[in-house]
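Here's the structure, in structure tokens; my notes come after.
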Amino acid sequence: MNYPKFFNRLWLWSQAKDHKEFIDNQHGVKAFQLQKLQKYLTENAETQYGLAHNFAKISDYETYAASIPIIEDYTVLNDYITAIAAGSKNILTKEKVLFFESTSGSSGNSKWIPYTKALKTEFQKGVATWLVDTYRQNPKVFSGKSYWSISPPFKSKEMTPGGLRVGMSADTDYFNPLDAFLIEQIMAVPSKTIKVQDSNAFYNDLCLRLLSDESLSFVSVWSPNYLLQLDEFMRTNWIQLLIHLSKSRRQFLQSLGPDFDWKMIFSNLQLVSCWTEAQSQLWLPQVTKILGDVKIQAKGLLSTEGVTTIPFHGQNVLAYTSHFYEFKEISSGQIVLFDGLVIGSTYEVILTTGGGLYRYNTHDLVVLSTYLDQLPVLQFIGKSNDVSDLLGEKINPQHLYPIFSELISDKDYNIRAMYMHPVKSGNQVIYEVILESDSHTDFSRLSPIIEAHLLKNPYYAQSRGTGQLLPLRIQQVKIGFTKSLLNFYKAQKQIKDGDVKLPILFKLNELTSLINELTPHD
Numbered sequence: 146m147n148y149p150k151f152f153n154r155l156w157l158w159s160q161a162k163d164h165k166e167f168i169d170n171q172h173g174v175k176a177f178q179l180q181k182l183q184k185y186l187t188e189n190a191e192t193q194y195g196l197a198h199n200f201a202k203i204s205d206y207e208t209y210a211a212s213i214p215i216i217e218d219y220t221v222l223n224d225y226i227t228a229i230a231a232g233s234k235n236i237l238t239k240e241k242v243l244f245f246e247s248t249s250g251s252s253g254n255s256k257w258i259p260y261t262k263a264l265k266t267e268f269q270k271g272v273a274t275w276l277v278d279t280y281r282q283n284p285k286v287f288s289g290k291s292y293w294s295i296s297p298p299f300k301s302k303e304m305t306p307g308g309l310r311v312g313m314s315a316d317t318d319y320f321n322p323l324d325a326f327l328i329e330q331i332m333a334v335p336s337k338t339i340k341v342q343d344s345n346a347f348y349n350d351l352c353l354r355l356l357s358d359e360s361l362s363f364v365s366v367w368s369p370n371y372l373l374q375l376d377e378f379m380r381t382n383w384i385q386l387l388i389h390l391s392k393s394r395r396q397f398l399q400s401l402g403p404d405f406d407w408k409m410i411f412s413n414l415q416l417v418s419c420w421t422e423a424q425s426q427l428w429l430p431q432v433t434k435i436l437g438d439v440k441i442q443a444k445g446l447l448s449t450e451g452v453t454t455i456p457f458h459g460q461n462v463l464a465y466t467s468h469f470y471e472f473k474e475i476s477s478g479q480i481v482l483f484d485g486l487v488i489g490s491t492y493e494v495i496l497t498t499g500g501g502l503y504r505y506n507t508h509d510l511v512v513l514s515t516y517l518d519q520l521p522v523l524q525f526i527g528k529s530n531d532v533s534d535l536l537g538e539k540i541n542p543q544h545l546y547p548i549f550s551e552l553i554s555d556k557d558y559n560i561r562a563m564y565m566h567p568v569k570s571g572n573q574v575i576y577e578v579i580l581e582s583d584s585h586t587d588f589s590r591l592s593p594i595i596e597a598h599l600l601k602n603p604y605y606a607q608s609r610g611t612g613q614l615l616p617l618r619i620q621q622v623k624i625g626f627t628k629s630l631l632n633f634y635k636a637q638k639q640i641k642d643g644d645v646k647l648p649i650l651f652k653l654n655e656l657t658s659l660i661n662e663l664t665p666h667d
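Using my numbering, read the sequence shown as starting at 146 and increasing by one per residue.
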């Protein structure tokens, strides 16, 4: 009996109800969304937050928008989160808080997001729709075992004064006990069995379990850089890893030679799901190379706070059955619902969720590409609060993606990675591009090419024109810099390996000391 296939079918069958709800209501999205909003307000009217904002008197969206302030900064919630952490009930939600999940992202301090049964259900709705649709597009994706992101924890689990756990151990924590049990049966690497004594032991155990499984058909991770870490560990420790495999498996893998890719190792691997947008796009050429003939699926916009988009019919569409969504047009500040979005315009995503976030600005930037029936197709392009603005230059990572992607993809340069940061020089500032490569190319000639691209930003052009900004310069670092930077960054931000979105634009003084410490010296 094909046990992985059996449990896959059983688990997908358990998700069919949520997928059907998404399908059945996709021509009545607005009514569904407004009904969801009213449910939040009714159920939480007697909470501390609900009483303070008169939830009981709100009967329509217009009143909600006029009465409830948009949370632009997480610190507004500090008193509420502190009360929940201390053990107080009925603060943001009537429903019990099960645990907190910690998030940091590429900027700002750690934030604790409360998780309730309702919020977990909302995540499940998005995931169920995504994976059932994926199965219908290609059933072979679920013909064998799966690997879902597991990372060594950055530290031991915290407990709040009120006894709430901080931090999830694995992606399966998003699910209810039954679904979590079924998922564990289809995992090539069950989260509860992996060793986490130290990073090396973790990756050794993880890679051994992956290499031992010939049925692996689906891989779901967050950061594409995490795939590159796994691949590097396998290649670096290839001989030692093979020793511990069965004789037949070892002989097969030995026969592949040094230039193997993942499709050669895992012949049944059909699909890899990972971030492909914003800064993640810069890692895709390397990921494509290591995977071989394996399709990459663009993972939707899922964050600790909630789900915004999910893969559906090959596009990332609004996960409208999960939460209530508003959108803030970036230039005008106008707030619209999904049906007020304009193709080509950029918006910040504002969430109201079952976890007790009301009009919470995620600062995730999305662009409306098109509509799939009534469903907005949204592209994530970065964070609105990732701007470097020392002298009015207003540089956003979005300005860097096109030119960095073009240069990294150019095989003539052999560039592994690129980053940028500002450096003070007296009363002036220089933007320095950190370029990782072992090539002997004179990369200084790329300075005018990159700067010409940046000068298309009128704020940058003005700062250069007034002499406040000096001409951009390039510093080459050796291969291995990104790995060291990644380790430092995840430790500083307290982020798990698989969740790291390594920024390409750093703030003043954030990278200078690292350059001195991490740049190899001859």
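Note that beta-carbon positions come from the ideal geometry of N, C-alpha and C, so glycine has one too.
Using a Cβ cut-off of 8 Å (strictly closer), state whether residue i contacts chain B.
{"i": "Asp406", "result": "Absent from the structure: chain B. Only one protein chain is present."}
When burial is assigned at 16 or more other CB atoms within 10 Å of the CB, is residue i buried or exposed?
{"i": "His666", "result": "Model confidence at His666 stands at a pLDDT of 49, short of 50, so the residue's coordinates are unreliable; what they give is reported in the following sentence. With fewer than 16 Cβ atoms within 10 Å of its Cβ, His666 is classed as exposed."}
{"i": "Arg504", "result": "buried"}
{"i": "His198", "result": "buried"}
{"i": "Pro430", "result": "exposed"}
{"i": "Trp156", "result": "buried"}
{"i": "His468", "result": "buried"}
{"i": "Asn345", "result": "exposed"}
{"i": "Ala273", "result": "buried"}
{"i": "Val669", "result": "Residue coverage of the chain in this structure runs from 146 to 667, which leaves residue 669 outside it and unanswerable."}
{"i": "Arg281", "result": "exposed"}
{"i": "Lys528", "result": "buried"}
{"i": "Ile435", "result": "buried"}
{"i": "Glu303", "result": "exposed"}
{"i": "Asp438", "result": "exposed"}
Going by Cα to Cα distance, which pick from the options is closest to residue i?
{"i": "Tyr516", "options": "Gly308, Ile540 and Phe457", "result": "Phe457"}
{"i": "Ser554", "options": "Phe472, Gly501, Leu155 and Gln426", "result": "Gln426"}
{"i": "Thr227", "options": "Asp169, Val286 and Leu309", "result": "Leu309"}
{"i": "Lys556", "options": "Lys175, Asp583 and Pro567", "result": "Asp583"}
{"i": "Gln607", "options": "Val645, Ala210 and Leu536", "result": "Leu536"}
{"i": "Tyr465", "options": "Lys270, Leu356, Ile258 and Leu155", "result": "Lys270"}
{"i": "Gln573", "options": "Leu552, Pro214, Glu538 and Leu599", "result": "Glu538"}
{"i": "Thr192", "options": "Leu520, Asn235, Tyr470 and Ser204", "result": "Asn235"}
{"i": "Ser360", "options": "Gly610, Phe378, Trp407 and Phe588", "result": "Trp407"}
{"i": "Ser412", "options": "Ala210, His164, Val286 and Thr248", "result": "Val286"}
{"i": "His389", "options": "Asp358, Val645, Pro322 and Ser533", "result": "Asp358"}
{"i": "Ala597", "options": "Gly307, Ile548 and Thr611", "result": "Ile548"}
{"i": "Phe626", "options": "Asn661, Ser255 and Thr261", "result": "Asn661"}
{"i": "Ile475", "options": "Thr507, Leu237 and Gly445", "result": "Thr507"}
{"i": "Trp383", "options": "Ser393, Pro403 and Leu373", "result": "Pro403"}
Return the Cβ separation of residue i and residue j in integer angstroms, given the expectation that the two are a contact with Cβ distance under 8 Å.
{"i": "Val364", "j": "Leu398", "result": "Actually they do not touch by this definition, with Cβ atoms about 18 Å apart."}
{"i": "Val432", "j": "Pro369", "result": "5 Å"}
{"i": "Ala333", "j": "Ser391", "result": "That belief does not hold up - the Cβ atoms of Ala333 and Ser391 are roughly 15 Å apart, past 8 Å."}
{"i": "Ile455", "j": "Trp275", "result": "4 Å"}
{"i": "Gln519", "j": "Gln171", "result": "6 Å"}
{"i": "Lys256", "j": "Tyr219", "result": "5 Å"}
Tell me the rounded alpha-carbon separation between residue i and residue j.
{"i": "Phe651", "j": "Met565", "result": "6 Å"}
{"i": "Gln621", "j": "Leu591", "result": "11 Å"}
{"i": "Arg395", "j": "Arg354", "result": "13 Å"}
{"i": "Gly485", "j": "Leu653", "result": "38 Å"}
{"i": "Pro616", "j": "Gln385", "result": "49 Å"}
{"i": "Met313", "j": "Pro593", "result": "46 Å"}
{"i": "Lys162", "j": "Ile579", "result": "49 Å"}
{"i": "Gln502", "j": "Gln178", "result": "The residue you asked about is not Gln; residue 502 is Leu in the sequence shown. Taking the straight line joining both Cα atoms gives about 16 Å."}
{"i": "Pro149", "j": "Lys473", "result": "44 Å"}
{"i": "Phe326", "j": "Pro335", "result": "10 Å"}
{"i": "Ser251", "j": "Phe244", "result": "No answer about Ser251 holds up, because its pLDDT of 43 lies below 50 and its placement is not dependable."}
{"i": "Glu576", "j": "Leu630", "result": "First, the residue type needs correcting, since residue 576 is Tyr and not Glu in the sequence shown. So the alpha carbons of these two residues sit roughly 19 Å apart."}
{"i": "Lys202", "j": "Thr305", "result": "34 Å"}
{"i": "Ile258", "j": "Leu510", "result": "20 Å"}
{"i": "Leu186", "j": "Thr266", "result": "18 Å"}
{"i": "Glu377", "j": "Cys419", "result": "17 Å"}
{"i": "Asn461", "j": "Pro284", "result": "20 Å"}
{"i": "Pro703", "j": "Asp534", "result": "An answer regarding residue 703 cannot be provided, because it is not within the stretch 146 to 667 covered by the chain."}
{"i": "Gln637", "j": "Asp350", "result": "25 Å"}
{"i": "Leu323", "j": "Tyr470", "result": "29 Å"}
{"i": "Val311", "j": "Val645", "result": "18 Å"}
{"i": "Val512", "j": "Gln543", "result": "12 Å"}
{"i": "Phe152", "j": "Tyr206", "result": "42 Å"}
Looking at the ligand GDP, does it come within less than 7 Å of residue i, judged from the CB to the closest heavy atom?
{"i": "Pro430", "result": "Ligands are entirely absent from the displayed structure, and the ligand GDP is therefore not among its contents."}
Considering only residues of the region 239-288, which uninterrupted alpha helix (DSSP H) runs meet the minimum length of 4 residues and lie entirely inside it, listed in chain order? Fully enclosed alpha helix (DSSP H) runs of 4 or longer: 262-282.
Beta strand (DSSP E) segments (min. 3 residues) lying fully within the region 473-518: Correct list: 491-497 and 505-517.
Please give the ranges of any alpha helix (DSSP H) in the region 189-230, keeping only runs that are unbroken, at least 4 residues long and fully inside the region. Taking only runs of at least 4 residues, the alpha helix (DSSP H) segments lying wholly in the region 189-230 are 193-197, 206-212 and 223-230.
If we require 4 or more residues per run, which alpha helix (DSSP H) segments fall completely within the region 309-365? Correct list: 322-330 and 344-357.
Residue ranges of each alpha helix (DSSP H) within the region 593-655, 4 or longer: Counting only runs of 4 or more, we get 603-610 and 626-638.
Unbroken stretches of the alpha helix (DSSP H), 4 residues or longer, contained in the region 369-436: The region 369-436 contains these whole alpha helix (DSSP H) runs: 369-381, 383-388, 392-399, 407-410 and 429-436.
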